[in-house]
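Here the structure comes first, spelled out in structure tokens, and everything after it is commentary.
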Amino acid sequence: MLKGIAILLTLFAPFASISHSYGQNLGLGITLGNTSPRDFIHKISPNDDVQKKVLKYGSLYSKSFRHGFFGEYRLKSIKGLFNSRNKLIALEVLRPQSEFNEWVERLLKDYELVSRNTPFVGDREIIVKNKDHYVIAHAPTSSFSMTIRYIDKQLFNKNNTVDHQSTSLYFSDSQ
């Protein structure tokens, strides 16, 4: 039954998401805690034009999409951070900001709310969690894009802060 629901969500959801259940495969077939760099590259770019950087928290693989779309998913870019055991520990996707409210509704159905800042005017952010990871959706007022980050809780233990600003360090050269 659960497998059937996951398949239906994969086929009909217009989002690239990770399920609320750690290790379950949804969306692009990318699974926090299980996906390897090789699988990640194969899923997002069969022609291997993926950038790789070694950062403080692991190896970062990233891909930007020229027209702002990746298949049926409206992704502008995607980044995956892998630990020393070559397992995905964080995922960042850049999507159109116009989808923020849809994402908030969807996340609140599957996750526990940590914080929510959704003013009528200004930057909007929601942070949710489950037993294994956090999800942060951030939509700056001055941008047409929003950032969604899925981050393993163990990675948060190194930082002890859960917000857009602190988690951006996982995906940048800033150490």
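Residues 2 to 176 (the working numbering) are what the sequence shown spells out, left to right.
Beta carbons: idealized from backbone N, C-alpha and C, even for Gly.
Quick caveat: nothing in here was measured; it's all calculated off a predicted structure.
(request) Enumerate in chain order the residues of its own chain whose CB-to-CB distance from Glu126 is below 8 Å, with the five nearest sequence positions on each side excluded. (result) The residue given as residue 126 occupies position 125 in the sequence shown. Cβ neighbours of Glu126 beyond the five flanking positions: Ser116, Arg117, Asn118, Thr119, Ile137, Ala138, His139, Ala140, Asp164, His165.
(message) Whole angstroms are fine: how far does the CA of Pro38 sit from the CA of Asn87?
(response) Here residue 87 refers to the residue found at position 86 of the sequence shown. Here residue 38 refers to the residue found at position 37 of the sequence shown. Cα-Cα distance, rounded: 6 Å.
(request) For Gly59, count neighbouring C-beta atoms within 10 Å of its own C-beta (all shown protein chains included) and say buried if the count is 16 or more, exposed if not. (result) To locate residue 59, count along the sequence shown from 1; it is residue 58. Buried.
(request) With DSSP collapsed to three states, give me the class of Leu76. (result) Counting from 1 along the sequence shown, the entry for residue 76 is found at position 75. Coil at Leu76, not helix or strand.
(message) Just to confirm, is the Cβ distance from His134 to Leu61 under 7 Å?
(response) Numbered from 1 along the sequence shown, position 133 holds the residue referred to as residue 134. Numbered from 1 along the sequence shown, position 60 holds the residue referred to as residue 61. Their beta carbons are not under 7 Å apart, which means His134 does not touch Leu61 by this criterion.
(request) Could you please give me the residues that DSSP links to Gln52 through a beta bridge? (result) Taking the first residue of the sequence shown as position 1, residue 52 is located at position 51. Answer by DSSP bridge pairing, in chain order: Ser63.
(request) Using 10 angstroms around the beta-carbon of Ile19, count the other beta-carbons present and answer buried if the total reaches 16, otherwise exposed. (result) Your numbering for residue 19 matches position 18 in the sequence shown. Here the model assigns Ile19 a pLDDT of 40, short of 50, so the residue's position is not dependable and the matter cannot be decided.
(message) I need the DSSP call for Asp111, collapsed to helix, strand or coil.
(response) Here residue 111 corresponds to residue number 110 of the sequence shown, with the count starting at 1. In this structure, Asp111 counts as helix in the three-state DSSP scheme.
(message) Starting from Arg39, trace the alpha helix (DSSP H) in both directions and tell me its first and last residue.
(response) In the sequence shown, the residue the question calls residue 39 occupies position 38. Where Arg39 is concerned, the enclosing alpha helix (DSSP H) stretches over 38-45.
(message) For Leu92, which residues in the same chain have their Cβ closer than 6 Å to its Cβ, ignoring the five residues on either side in sequence?
(response) Taking the first residue of the sequence shown as 1, we reach residue 92 at position 91. For Leu92, where only same-chain residues beyond five positions count, the Cβ hits under 6 Å are Gly81, Tyr151.
(request) Return yes when the Cβ of Val51 is within less than 7 Å of the Cβ of Lys64, no when it is not. (result) For the purposes of this step, residue 64 is taken as residue 63 along the sequence shown, with counting starting at 1. For the purposes of this step, residue 51 is taken as residue 50 along the sequence shown, with counting starting at 1. The answer is yes: Cβ separation under 7 Å.
(message) Rounded to the nearest angstrom, what separates Gln98 and Ile149 at their Cα positions?
(response) In the sequence shown, the residue the question calls residue 98 occupies position 97. In the sequence shown, the residue the question calls residue 149 occupies position 148. So the two alpha carbons sit approximately 10 Å from each other.
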